[in-house]
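Working notes for the structure below.
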Ligand code: NAD
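Residue numbers (full-length UniProt numbering): 1 to 471.
Now the structure itself:
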């Protein structure tokens with residue numbers, strides 16, 4: 001099989017973290033990027049998957065990066081002012097890495113703004129400061145110091161990442177289907193298009209149906225991607241972009257006291273905050289409002305300003321239905337009130353059936369609601385590339401696309417997925433996404449109840465967040 005080479009990376013290539021996403025990204029890099037194999041190093045403290053690296057002739061630096069050693073270690077690997085870091089680890093501070101990359105002249109990409117250990121659990125910080133909003137605001141502020149610096153892509157996996165590209169395709173599709181002329185070029189054009197189309201809000205609507213033949217052992221947290229990653233973000237406060245059509249804050253909802261104010265946070269864990277949402281596999285479903293960078297970057301990007309006043313902004317948040325074992329795991333953790341001792345990530349080999357539907361759900365427009373996204377089965381994922389399940393494939397192919405875009409646009413400074421060329425990125429990624437489907441539905445969050453109980457309903461506008469919230 002021959003694969004199209006999309007880009008070349010000159011100089012050292014360093015991957016930090018060789019977990020489920022790192023392992024899945026490796027074969028895509030080998031297929032589609034031209035680089036010097038002798039210059040590829042993976043920094044990973046565990047040797048569990050070292051044989052994969054040995055098989056491909058890739059250097060393994062068995063080390064955990066820390067505040068004390070990261071600078072010296074990475075400086076040693078990039079002596080010549082060029083190269084590329086792909087950060088796919090947990091517990092390594094993304095912002096520190098981004099700063100170092102600017103000083104080294106090295107391109108950079110990660111999939112989440114990750115802090116050093118101590119932020120997510122047992123933190124002395126008040127809950128408002130444990131949200132992603134201050135982390136993102138810090139990245140955005142820092143980025144202003146490096147205009148035209150080496151490209152550093154912040155938060156680009158499937159979500160955050162690919163969903164921002166899918167949202168642009170979805171808006172163009174909606175424009176075509178509703179007879180609205182659209183040729184957006186700038187950020188303002190895109191925001192105006194979303195406003196013109198009357199999009200009140202966007203769920204990042206995901207349904208992971210992957211199961212294995214082995215029942216989940218009691219006390220073991222099972223997921224289809226990083227257990228540490230899900231626990232970290234799941235026990236941050238729920239957080240969402242706050243649309244201009246919203247009439248009132250949810251219970252325990254708070255505005256942020258500083259910054260542009262495109263989001264709110266809810267004083268309860270995202271992993272225990274349910275919303276009504278919709279995915280093509282099942283139709284109406286519950287999703288979790290787990291905080292994510294796209295819940296912040298999308299409302300920020302799509303704000304239409306009238307001087308200091310936000311004229312238009314969509315509500316935006318994750319509505320995540322993890323795989324069945326992860327749902328049961330979260331239920332156990334929420335009940336026990338303590339973190340699990342045993343963790344397991346489902347591999348492509350043990351998953352017997354299911355897949356991942358991951359898309360954007362746009363509501364409030366002339367056609368009611370629309371889901372647009374990737375539908376990828378485990379069988380398709382297994383046939384496409386080794387070392388990954390369907391969830392991983394949607395992430396790793398986005399990492400590949402972002403690497404290609406970065407190699408083609410090496411001096412863009414700090415960017416997020418919303419600011420990248422969505423068409424080019426999806427062009428690279430599409431072969432790995434299964435079916436990209438568009439579904440319209442007349443569903444609203446006011447429909448379907450088994451008996452009626454007291455709830456905070458707004459019958460005058462189905463698209464109020466209060467109607468989605470089902471805590
Ligand atoms: P994982 O838990 O499988 O792997 C993380 C790896 O990081 C592990 O192998 C671990 O040993 C390594 N690591 C831990 N501490 C380290 C240190 N100090 N230095 C170097 N390596 C260290 O996680 P994953 O599923 O591969 O996910 C990786 C990252 O990607 C996580 O931060 C996760 O939240 C993120 N992610 C983003 C998306 C997205 O769509 N944006 C999707 C999935 C995962």
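Yeah, the Cβ is synthetic: ideal placement off N, Cα and C, and Gly gets one too. Given the structure is predicted, the values throughout are model-derived calculations rather than measurements.
| task | Would you decide whether residue 84 is buried or exposed? Buried here means 16 or more other CB atoms lie within 10 Å of its CB. | result | Indexing the chain shown from 1 puts residue 84 at position 84. Counting other Cβ atoms within 10 Å of its Cβ, residue 84 reaches 16 or more and is therefore classed as buried.
| query | With DSSP run on the structure shown, which of helix, strand or coil describes residue 242? | reply | Walking along the chain shown from the start, residue 242 turns up at place 242. In the structure shown, residue 242 falls within a coil segment according to DSSP collapsed to helix, strand and coil.
| message | Helix, strand or coil, according to DSSP, for residue 216 in the structure here? | response | Position 216 of the chain shown, counted from the start, is the residue given in the question as residue 216. Residue 216 falls in the coil class under three-state DSSP.
| task | Name the two residues that bound the continuous alpha helix (DSSP H) containing residue 9. | result | Start at 1 with the first residue of the chain shown, and residue 9 comes out as number 9. Segment: none, residue 9 is in no alpha helix (DSSP H) and carries neither H nor E.
| said: Quick test of your reading: residue 391 and residue 208, contact by CB under 8 Å. State the CB separation rounded to the nearest angstrom. | reply: Counting from one through the chain shown, the residue named residue 391 turns up at place 391. Counting from one through the chain shown, the residue named residue 208 turns up at place 208. Their Cβ separation, rounded to whole angstroms, is 6 Å, which keeps residue 391 and residue 208 in contact under 8 Å.
| said: Quick check: what's the CA-CA separation for residue 339 versus residue 407? | reply: As a position in the chain shown, residue 339 is number 339, starting the count at 1. As a position in the chain shown, residue 407 is number 407, starting the count at 1. Spanning the two alpha carbons is a distance of roughly 40 Å.
| Can you check whether the CB of residue 45 is closer than 7 Å to the CB of residue 64? | Stepping through the chain shown from its first residue, residue 64 is reached at position 64. Stepping through the chain shown from its first residue, residue 45 is reached at position 45. Yes, the Cβ-Cβ distance between residue 64 and residue 45 is below 7 Å.
| request: Using the Cα positions of residue 70 and residue 399, report the straight-line distance between them to the nearest angstrom. | output: In the chain shown, counting from the first residue as 1, residue 70 sits at position 70. In the chain shown, counting from the first residue as 1, residue 399 sits at position 399. Straight-line Cα distance between these residues: approximately 22 Å.
| message | Taking the beta carbon of residue 286 as the centre, do at least 16 other beta carbons fall within 10 Å, making it buried, or is it exposed? | response | Position 286 of the chain shown, counted from the first residue, corresponds to residue 286. Exposed, since its Cβ has fewer than 16 Cβ neighbours within 10 Å.
| query | From which residue to which residue does the beta strand (DSSP E) around residue 465 run? | reply | Taking the first residue of the chain shown as 1, we reach residue 465 at position 465. Premise fails: residue 465 lies in the alpha helix (DSSP H), 465-468, not in any beta strand (DSSP E).
| query | Helix, strand or coil: how does DSSP classify residue 316 here? | reply | As a first step, residue 316 is located in the chain shown; it is residue number 316 there, counting from the start. DSSP places residue 316 in strand when its eight states are reduced to three.
| Grouping DSSP H, G and I as helix and E and B as strand, with all else coil, what is residue 473? | Any question about residue 473 goes unanswered here, given that the chain covers just 1 to 471.
| query | Can we say the stretch 143-157 touches the stretch 189-197, given the rule of at least three CB pairs closer than 8 Å? | reply | no
| DSSP state of residue 369, grouped into three classes? | Here residue 369 is taken as the residue at index 369 of the chain shown, counted from 1. In the structure shown, residue 369 sits in a strand (DSSP, three-state: E or B).
| task | Would you mind listing the alpha helix (DSSP H) stretches within the stretch 152-206 that are 4+ residues and don't spill past its ends, in chain order? | result | 162-177, 187-197
| query | If you follow the alpha helix (DSSP H) that residue 143 is part of, which residue opens it and which one closes it? | reply | Position 143 of the chain shown, counted from the start, is the residue given in the question as residue 143. Start and end: 132-143.
| query | Would residue 211 pass as a contact of residue 118 if the rule is Cβ separation under 7 Å? | reply | The count along the chain shown starts at 1 and reaches residue 211 at position 211. The count along the chain shown starts at 1 and reaches residue 118 at position 118. Taking 7 Å as the Cβ cut-off, residue 211 and residue 118 do not qualify as a contacting pair.
| task | With hydrogens ignored, establish whether the beta-carbon of residue 64 is closer than 6 Å to any heavy atom of the ligand NAD. | result | Counted from its first residue, the chain shown places residue 64 at position 64. Yes, the ligand NAD has a heavy atom inside 6 Å of this Cβ.
| message | Would you say the beta carbon of residue 21 is closer than 6 Å to some non-hydrogen atom of the ligand NAD? | response | On the chain shown, residue 21 is found 21 positions in, with the first residue counted as 1. Yes, the ligand NAD has a heavy atom inside 6 Å of this Cβ.
| query | Would residue 276 pass as a contact of residue 468 if the rule is Cβ separation under 7 Å? | reply | Mapped onto the chain shown, residue 276 falls at position 276. Mapped onto the chain shown, residue 468 falls at position 468. Yes.
| Since residue 233 contacts residue 270 with CB under 8 Å, what's their CB separation in whole angstroms? | Here residue 233 corresponds to residue number 233 of the chain shown, with the count starting at 1. Here residue 270 corresponds to residue number 270 of the chain shown, with the count starting at 1. At roughly 7 Å, the Cβ-Cβ gap stays under 8 Å, so residue 233 and residue 270 are in contact.
| 7 Å CB neighbourhood of residue 182 in its chain, flanking five on each side removed | Within the chain shown, the letter at position 182 stands for residue 182. So the qualifying residues of the chain are 172, 175, 193.
| task | Using the Cα positions of residue 58 and residue 428, report the straight-line distance between them to the nearest angstrom. | result | Indexing the chain shown from 1 puts residue 58 at position 58. Indexing the chain shown from 1 puts residue 428 at position 428. About 24 Å.
| query | Should residue 330 and residue 374 be called a contact, given that it needs their Cβ atoms to be closer than 7 Å? | reply | By 1-based counting over the chain shown, the position of residue 330 is 330. By 1-based counting over the chain shown, the position of residue 374 is 374. Contact: no.
| field | residue 88 CB to nearest heavy atom of the ligand NAD below 6 Å | value | As a first step, residue 88 must be located in the chain shown, where it is residue number 88. Yes, Cβ of residue 88 sits closer than 6 Å to a heavy atom of the ligand NAD.
| message | Which of the three DSSP states is assigned to residue 45 in this structure? | response | Along the chain shown, read from residue 1 onward, the residue named residue 45 stands at position 45. It is coil, neither helix nor strand.
| Contact the stretch 216-236 vs the stretch 361-377: 3+ CB pairs below 8 Å | no
| field | residue 345 vs residue 378 beta-carbon contact at 7 Å | value | Here residue 345 corresponds to residue number 345 of the chain shown, with the count starting at 1. Here residue 378 corresponds to residue number 378 of the chain shown, with the count starting at 1. Against a cut-off of 7 Å, the Cβ pair of residue 378 and residue 345 comes out as no contact.
| Alpha-carbon to alpha-carbon, residue 99 and residue 135 | Counting from 1 along the chain shown, the entry for residue 135 is found at position 135. Counting from 1 along the chain shown, the entry for residue 99 is found at position 99. The alpha-carbon atoms of residue 135 and residue 99 are separated by roughly 14 Å.
| message | I'd like the list of long-range same chain contacts for residue 229, defined as Cβ closer than 8 Å, with 5 residues on each side in sequence excluded. | response | The count along the chain shown starts at 1 and reaches residue 229 at position 229. The residues are 90, 112.
| message | At a cut-off of 6 Å, would you count residue 27 as near the ligand NAD, judging by its Cβ distance to the nearest heavy atom? | response | On the chain shown, residue 27 is found 27 positions in, with the first residue counted as 1. Checking the Cβ of residue 27 against the ligand NAD gives no.
| Smallest Cα separation from residue 412: which of 159, 102, 31, 312? | Counting from one through the chain shown, the residue named residue 412 turns up at place 412. The residue among 159, 102, 31, 312 with its C-alpha nearest the C-alpha of residue 412 is 102.
| said: Can you tell me whether residue 355 sits near the ligand NAD, meaning its C-beta is under 6 Å from at least one heavy atom of the ligand? | reply: Against the chain shown, residue 355 aligns to sequence position 355. Residue 355: no, Cβ never under 6 Å from the ligand NAD.
| query | Would you call residue 226 buried or exposed, if buried means 16 or more other Cβ atoms sit within 10 Å of its Cβ? | reply | Looking up residue 226 in the chain shown gives position 226. That one is buried.
| request: Let me know if residue 418 comes out buried or exposed under the rule of 16 or more other beta-carbons within 10 Å of its beta-carbon. | output: The residue given as residue 418 occupies position 418 in the chain shown. With a 10 Å radius around the Cβ and a threshold of 16 neighbouring Cβ atoms, residue 418 comes out buried.
| Three-way DSSP call (helix, strand, coil) for residue 277 in this model | By one-based count along the chain shown, residue 277 stands at place 277. It is a strand residue.
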